[in-house]
Amino acid sequence: MIELFSARQPKPFGWGNLILGILLIVLGCLSFNRPDKTLHLLTILVAIGLLLRGIYELWCRVGIKDLLGFNAGWLLIMAIVDIILGIVFLFFHNFGSTVIVYIFAFWFLFDAIADVSTISLFSRFHGPAWTIFMVIFSILQIVIAVIMLFQPMLSAIMLVWLISFYLIVTGIFKVVQSF
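So the sequence shown is numbered by the working numbering: it starts at 85 and just counts up by one.
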């Protein structure tokens with residue numbers, strides 16, 4: 085049994101991970117330098133995602149109707165809304181970017197409220213130190229969310245920085261993985 089672990093074959097060099105890692109690092113650095121273009125690209129990607137989701141929902145509606153004989157009108161409404169939003173985001177980038185920024189700010193706020201609502205649950209399992217940490221973190225998160233709602237440019241910059249940071253960190257992990 086021990087011989088199986090000691091006779092392990094060396095892992096071949098991962099060129100794909102290296103190339104992907106370098107590409108992600110370069111994209112992360114570029115997005116740090118051009119936050120306006122990054123937000124613009126994000127808006128286009130969300131628009132394409134909404135269009136594809138709307139088409140998929142229409143396809144699902146037909147499948148549900150054929151398979152179950154059930155007329156899923158709510159899927160039709162969701163599909164139409166997704167397709168309209170996708171088209172609006174695709175052709176009106178400034179509006180789409182603004183909506184995405186506010187969605188990000190509201191997401192942050194709702195997540196903070198959810199954290200506050202679970203503090204009592206966590207206090208039962210983790211003790212007072214964790215509870216104090218959660219209270220402080222949740223209050224800080226709510227304050228940041230409110231600031232983001234009233235300062236949409238700050239929210240946009242934070243969103244781009246998060247994306248850039250994620251790209252760079254993932255790129256570094258891929259480069260390390262290649263060895």
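By construction, the Cβ of each residue, glycine as well, lies at the ideal position given by its N, Cα and C atoms.
- If you look at residue 215, you'll find it in the alpha helix (DSSP H) that goes 203-234.
- Here the C-alpha atom of residue 239 lies approximately 26 Å from the C-alpha atom of residue 203.
- Relative to residue 173, the option among 130, 104, 199, 188 whose CA is nearest is 130.
- Around the Cβ of residue 157, a 10 Å sphere holds fewer than 16 other Cβ atoms; the residue is exposed.
- Residue 241 places its beta carbon 7 Å or farther from that of residue 112.
- Straight through space, the alpha carbons of residue 186 and residue 232 are spaced by roughly 8 Å.
- Around the CB of residue 243, 16 or more other CB atoms lie within 10 Å, so the residue is classed as buried.
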